[in-house]
Amino acid sequence: MPARPTPVAATVEDLVRDWYDALGRGVPAEQLLPYLANGLRIDLPTAVVRGPQEFSRWYLTDACLPFTRCKPEPAGIQVRVQSPVHAMASVSVAGPDGTPAARHEWWVVFQDGVPRIRTIAVEPRPSSEAPAPAPLTRT
120 MPARPTPVAA
130 TVEDLVRDWY
140 DALGRGVPAE
150 QLLPYLANGL
160 RIDLPTAVVR
170 GPQEFSRWYL
180 TDACLPFTRC
190 KPEPAGIQVR
200 VQSPVHAMAS
210 VSVAGPDGTP
220 AARHEWWVVF
230 QDGVPRIRTI
240 AVEPRPSSEA
250 PAPAPLTRT
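Numbering (our numbering), first residue to last: 120 to 258.
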């Protein structure tokens with residue numbers, strides 16, 4: 120039986136940076152789906168997005184804009200390896216127009232040797248900052 124790949128902090132950091140870069144460039148949702156693990160869950164301050172279909176619908180709405188404008192701050196990614204196939208990443212992100220940093224907590228799982236996003240929990244920004252994103256539109 121082949122050995123399972125061990126998560127490497129640098130690999131998880133690359134995934135985080137690639138994800139925010141792709142979101143910031145506004146790539147089509149189809150190009151983001153390979154980043155997502157089975158059982159995807161994104162906990163936002165105003166909605167929960169589950170699975171690739173909900174993600175694709177959410178990504179096409181204006182509700183995603185506050186999230187897509189975030190960028191990891193320099194040295195703002197802390198990775199903790201939890202097992203040979205799981206890692207947690209705590210990401211400090213700067214919002215649009217220099218709003219103060221917020222935290223995004225990630226669970227990353229290695230599937231077929233590739234790191235994928237299982238969960239992202241977005242902490243809400245203080246009320247004195249930009250308004251919260253609109254709720255997820257269901258169709």
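Note that beta-carbon positions come from the ideal geometry of N, C-alpha and C, so glycine has one too.
Cα-Cα separation between residue i and residue j, rounded to whole angstroms
i, j, result
"A128", "P185", "27 Å"
"V131", "T165", "26 Å"
"R199", "S211", "15 Å"
"V167", "M207", "19 Å"
"T180", "R136", "22 Å"
"L255", "A182", "With a pLDDT of only 44 at L255, under 50, the local geometry of the prediction cannot be trusted, and no value is derived from it."
"Q150", "W138", "10 Å"
"P271", "D231", "This structure leaves residue 271 out entirely; the chain is present only between 120 and 258."
"A148", "I161", "15 Å"
"E173", "N157", "13 Å"
"A221", "Q201", "23 Å"
"C189", "V227", "19 Å"
"R237", "Y154", "9 Å"
"R176", "P219", "28 Å"
"P191", "D140", "9 Å"
For residue i, the three-state DSSP class (helix, strand or coil)
i, result
"D117", "The requested residue 117 is not part of the displayed model; the chain covers only 120 to 258."
"R188", "coil"
"E173", "helix"
"V198", "strand"
"A148", "helix"
"L134", "helix"
"L142", "helix"
"A166", "coil"
"A182", "helix"
"A220", "coil"
"E242", "coil"
Closest residue to residue i among the options (Cα-Cα distance)
i, options, result
"I239", "V233, H223, V228 and F229", "H223"
"L142", "Q172, D133, Y178 and R235", "Y178"
"F229", "D133, H205, E242 and P147", "H205"
"Q197", "S209, C189 and V146", "S209"
"V146", "T187, D133, I161 and L134", "T187"
Nearest-angstrom Cβ-Cβ length linking residue i and residue j, presumed shorter than 8 Å
i, j, result
"P171", "L163", "That belief does not hold up - the Cβ atoms of P171 and L163 are roughly 16 Å apart, past 8 Å."
"L134", "P234", "5 Å"
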